[in-house]
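In what follows, a structure is listed as structure tokens, so that the remarks can point back to it.
Residue numbers (my numbering): 1361 to 1512.
Here you go:
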């Protein structure tokens, strides 16, 4: 009899714990559905191809707020000081579009390049990564004058 009562008690306890988990999951889903959604219109990556060292590459990453509330871009950082982002400081309303302009200065950056731009916003997840990639051909080196001809 004690075993039956114990199993009944455990069964009721499990049922209640399952209900509270389902309620929490439902509340989380409802809260997440109301968050802004940072939705890129194009790709998260831009390949600028092959450029000559010293060239400046610019690209706009276009995005839309697919959420129900205003999207706020809190901050944007880049993996290198050679890459500078510009972004809207005002909230982006639901279903509105905007863009993040990224400028890469290839001075002293010869070889394959991959630059990461991290967007921090009031979204879930709280950050999104964008990438610029390509190859920078080294600038030709100036000819060095021969010391014997320079003295003549």
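Beta carbons are placed, not taken as given, at the ideal position from N, Cα and C, and that holds for glycine.
Per-residue burial, residue i [other beta carbons within 10 Å of its own, 16 or more giving buried]
| i | result |
| --- | --- |
| residue 1401 | exposed |
| residue 1384 | With a pLDDT of 47 at residue 1384, under the threshold of 50, the modelled position of that residue is not reliable, and the figure given next carries that caveat. Exposed, by the Cβ-count rule. |
| residue 1485 | exposed |
| residue 1396 | buried |
| residue 1457 | exposed |
Own chain residues within Cβ distance below 8 angstroms of residue i, not counting five before or after
| i | result |
| --- | --- |
| residue 1476 | 1438, 1439, 1489, 1490, 1491 |
| residue 1417 | 1408, 1411, 1463, 1464, 1466, 1492, 1494 |
| residue 1394 | 1427, 1428, 1429 |
| residue 1434 | 1480, 1481, 1482 |
| residue 1487 | 1478, 1479, 1480, 1481 |
Sub-8 angstroms separation of residue i and residue j beta-carbons
| i | j | result |
| --- | --- | --- |
| residue 1479 | residue 1460 | yes |
| residue 1421 | residue 1399 | no |
| residue 1451 | residue 1432 | yes |
| residue 1474 | residue 1419 | no |
| residue 1470 | residue 1498 | yes |
Nonlocal neighbours in the same chain, by C-beta distance under 6 angstroms from residue i, ignoring five residues either side
| i | result |
| --- | --- |
| residue 1404 | 1490 |
| residue 1406 | 1419, 1492 |
Residue i, DSSP secondary structure in three states
| i | result |
| --- | --- |
| residue 1394 | helix |
| residue 1501 | coil |
| residue 1458 | strand |
| residue 1470 | coil |
| residue 1416 | strand |
| residue 1482 | coil |
| residue 1494 | strand |
| residue 1488 | strand |
| residue 1438 | strand |
Own chain partners of residue i with C-beta closer than 7 angstroms, once the 5 adjacent residues on each side are dropped
| i | result |
| --- | --- |
| residue 1453 | 1425, 1430 |
| residue 1472 | 1495 |
Exercise. Quick check: the segment 1401–1414 against the segment 1444–1451, are there 3 or more CB pairs under 8 angstroms?
Worked result: no
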